[in-house]
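Taking UniProt numbering, I'd label the letters of the sequence shown as residues 1 to 134. Glycine residues also receive a C-beta, built at the ideal position from the N, C-alpha and C atoms. None of the values given here were measured: they were computed from a predicted structure. For reference, the structure discussed in these notes is given below.
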Amino acid sequence: MSDSRADKLKRLVRVQRQLERVAEMELGIILRERAIVEDTRSAIVDAMGSLSPLHQSMSIHYSKRFSGLENRDRRLTGMQAMQEKRILMEKTKADRLDDQARDASLVEERAAEDDGLLDLLDSALAGKGGSSPA
Numbered sequence: 001m002s003d004s005r006a007d008k009l010k011r012l013v014r015v016q017r018q019l020e021r022v023a024e025m026e027l028g029i030i031l032r033e034r035a036i037v038e039d040t041r042s043a044i045v046d047a048m049g050s051l052s053p054l055h056q057s058m059s060i061h062y063s064k065r066f067s068g069l070e071n072r073d074r075r076l077t078g079m080q081a082m083q084e085k086r087i088l089m090e091k092t093k094a095d096r097l098d099d100q101a102r103d104a105s106l107v108e109e110r111a112a113e114d115d116g117l118l119d120l121l122d123s124a125l126a127g128k129g130g131s132s133p134a
């Protein structure tokens, strides 16, 4: 259960990258919804411009629907901006954690090398002191 700091940070990096991917997927959903809204708005504009008596009689309903779509598009635009900021924030967090994990790994490697050198030095000194000249 003695996970090193570098291992813990690496796990945090994986979690943070996953959060970043989730935010990107949510942005994709918002962008698809905006595309659907735009297609619907364009279809309504075409219907409102039609000379067909059926479309002319439905113009009030079309205008209400168009107004609702305009509101929806404004909300989605705000959501998109917030989601883009969230993606940037999650990416920045993950990058910082990745740097910290790399630094912690280097520190642990240096400590292990130092311990190995100290053990080698101790064994060399113990071997030199334990042997007596005959």
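Relative to the alpha-carbon of H4, which residue among T77, A35 and D103 has its alpha-carbon at the smallest distance?
To locate residue 4, count along the sequence shown from 1; it is residue 4. Here the sequence assigns Ser to residue 4, which means His is not the residue at that position. Out of T77, A35 and D103, the CA that lies nearest to the CA of S4 is found in D103.
Could you have a look at M58 and say whether DSSP puts it in helix, strand or coil?
Within the sequence shown, numbered from 1, the residue matching residue 58 stands at position 58. In the three-state scheme derived from DSSP, where H, G and I count as helix and E and B as strand, M58 is classed as coil.
Starting from the C-beta of Y24, find all residues in its chain whose C-beta is less than 8 Å away, skip the five residues before and the five after it, and write them out in chain order.
Residue mapping note: residue 24 aligns to position 24 of the sequence shown, counting from 1. Reading off the sequence, residue 24 comes out as Glu, not Tyr. Within the same chain, E24 has close Cβ partners I87.
Ranges of the alpha helix (DSSP H) found wholly within the segment 22-80, counting only runs of at least 4:
53-57
Take the Cβ of K64 as the centre, count every other Cβ of all protein chains shown within 10 Å, and call the residue buried at 16 or more, exposed below.
Indexing the sequence shown from 1 puts residue 64 at position 64. Exposed, because fewer than 16 other Cβ atoms sit within 10 Å of the Cβ of K64.
Buried or exposed: which applies to E90, given that a residue is buried once 16 or more other Cβ atoms fall within 10 Å of its Cβ?
Here the question's residue 90 lines up with position 90 in the sequence shown. Under this definition E90 is a buried residue.
Alpha-carbon spacing of G49 relative to G78, whole angstroms:
The count along the sequence shown starts at 1 and reaches residue 49 at position 49. The count along the sequence shown starts at 1 and reaches residue 78 at position 78. G49 and G78 have their alpha carbons spaced roughly 29 Å apart.
Taking the alpha-carbon positions, what's the L9 to D99 distance?
As a position in the sequence shown, residue 9 is number 9, starting the count at 1. As a position in the sequence shown, residue 99 is number 99, starting the count at 1. Using only the alpha carbons, I get a separation of about 9 Å.
Indicate whether the contact test is met: 3 or more Cβ pairs, each with one atom in the segment 54-72 and one in the segment 114-129, closer than 8 Å.
The segment 54-72 makes no contact with the segment 114-129; the number of CB pairs closer than 8 Å stays below 3.
Sequence-distant residues of its chain with Cβ nearer than 6 Å to L12 (five each side left out):
As a working note, residue 12 is residue 12 in the sequence shown. Within the same chain, L12 has close Cβ partners L97.
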